[in-house]
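J.:
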Amino acid sequence: MLQTFGRVLRAIQAEKDAAGDIDWRVSVDSTIVRAHQHAAGGKRGAGDRDEAGDHALGRSRGGLSTKIHLACDGRGRPLGFVLTGGNTKDCTRFEQVMTEIHVPRTGPGRPGTTPDHVIADKGYSSRKIRTYRGIPRTIPERRAPAADRPASIGPSTASATSSNAASTASSNGVAWPPATPRPASPCRPLSPSPQSCSGSEP
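Add 844 to the 1-based position in the sequence shown for my numbering, that's all there is to it.
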């Protein structure tokens, strides 16, 4: 079945290449397909044994799964793929996926195998992949661990608020603004017969 699919794919690729319709800006990525519960065969618990390499089954957190490593052209059409167990790291299959790019020619000439540009995510961020065959690439670098990042010395957002700024000034010994005196009460001084603020007798 897989061989039949491969032959059909090559025939379509040759047709598109002859029409100049292949965009050689190649993207590489992977996706995981969950395997059916009976994919490994045997009773429950028997799946703990190692699967044969050509089964493309691997046990990960979600159970048995298959990972499809795919290289596609700039229009999202497949150029080459590799099947592995779902617990396989993307970067370990980059070169294998690239060697699967083999677009046949309908006329004279060697098959197309070299992308103009390679695009991938952080899962493929390594020196070996970045220098692969000298092909231009767009691959973001992984961030350094938190312990290796330089400490921030700029003021935080919280310190820019007025309430926090006042607190900071107080801790630095800056004098607070003088208290505003409370206005005198409109009531008259106390007398032996006190009156209310409205001036009426009690």
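Every residue, glycine too, gets a C-beta built ideally from N, C-alpha and C.
If you draw a straight line from the alpha carbon of isoleucine 856 to that of isoleucine 876, how long is it in whole angstroms?
T.: Isoleucine 856 and isoleucine 876: Cα-Cα distance of roughly 25 Å.
J.: Given 8 Å as the limit, is there contact between the stretch 924-940 and the stretch 899-914, that is, 3 or more CB pairs closer than that?
T.: Segments in contact, yes.
J.: Between lysine 966 and the rest of its own chain, which residues show a CB-CB distance below 8 Å, the 5 nearest in sequence each way excluded?
T.: Result list for lysine 966: Ile983, Pro984, Glu985 and Arg986, in chain order.
J.: For proline 910, which of helix, strand or coil comes out of DSSP?
T.: Residue identity differs from the one stated: residue 910 is threonine in this sequence, not proline. Residue state, collapsed to three classes: strand.
J.: Extract the residue ranges of the beta strand (DSSP E) inside the stretch 932-1001, only unbroken runs of 3 or more that lie entirely within it.
T.: Fully enclosed beta strand (DSSP E) runs of 3 or longer: 961-963.
J.: Please report how far the alpha carbon of cysteine 916 lies from the alpha carbon of alanine 964, in whole angstroms.
T.: About 11 Å.
J.: Assuming valine 870 and valine 962 are in contact, meaning their beta carbons sit under 8 Å apart, how far apart are those beta carbons, in whole angstroms?
T.: Right, their Cβ atoms sit about 5 Å apart.
J.: Assuming contact is defined by CB atoms lying nearer than 8 Å, are threonine 950 and alanine 879 in contact in what I supplied?
T.: For threonine 950 and alanine 879, no; Cβs fall outside 8 Å.
J.: In this structure, how does DSSP classify aspartate 873 when only helix, strand and coil are distinguished?
T.: The answer is strand: DSSP assigns aspartate 873 an E or B state.
J.: Rounded to whole angstroms, what is the Cα-Cα separation between serine 970 and glycine 953?
T.: The straight-line gap from Cα to Cα measures roughly 33 Å.
J.: Thinking C-alpha only, which one of Pro959, Gly918 and Arg921 is nearest glutamate 939?
T.: The candidate whose alpha carbon is nearest that of glutamate 939 is Pro959.
J.: Using DSSP with H/G/I as helix, E/B as strand and the rest coil, what is alanine 900?
T.: Alanine 900: coil per DSSP, three-state reduction.
J.: Which of helix, strand or coil does DSSP assign to arginine 854?
T.: In this structure, arginine 854 counts as helix in the three-state DSSP scheme.
J.: Take arginine 919 as the anchor and find which of Lys860, Gly956 and Gly902 has the nearest alpha-carbon.
T.: Taking only the C-alpha atoms, the option nearest arginine 919 is Lys860.
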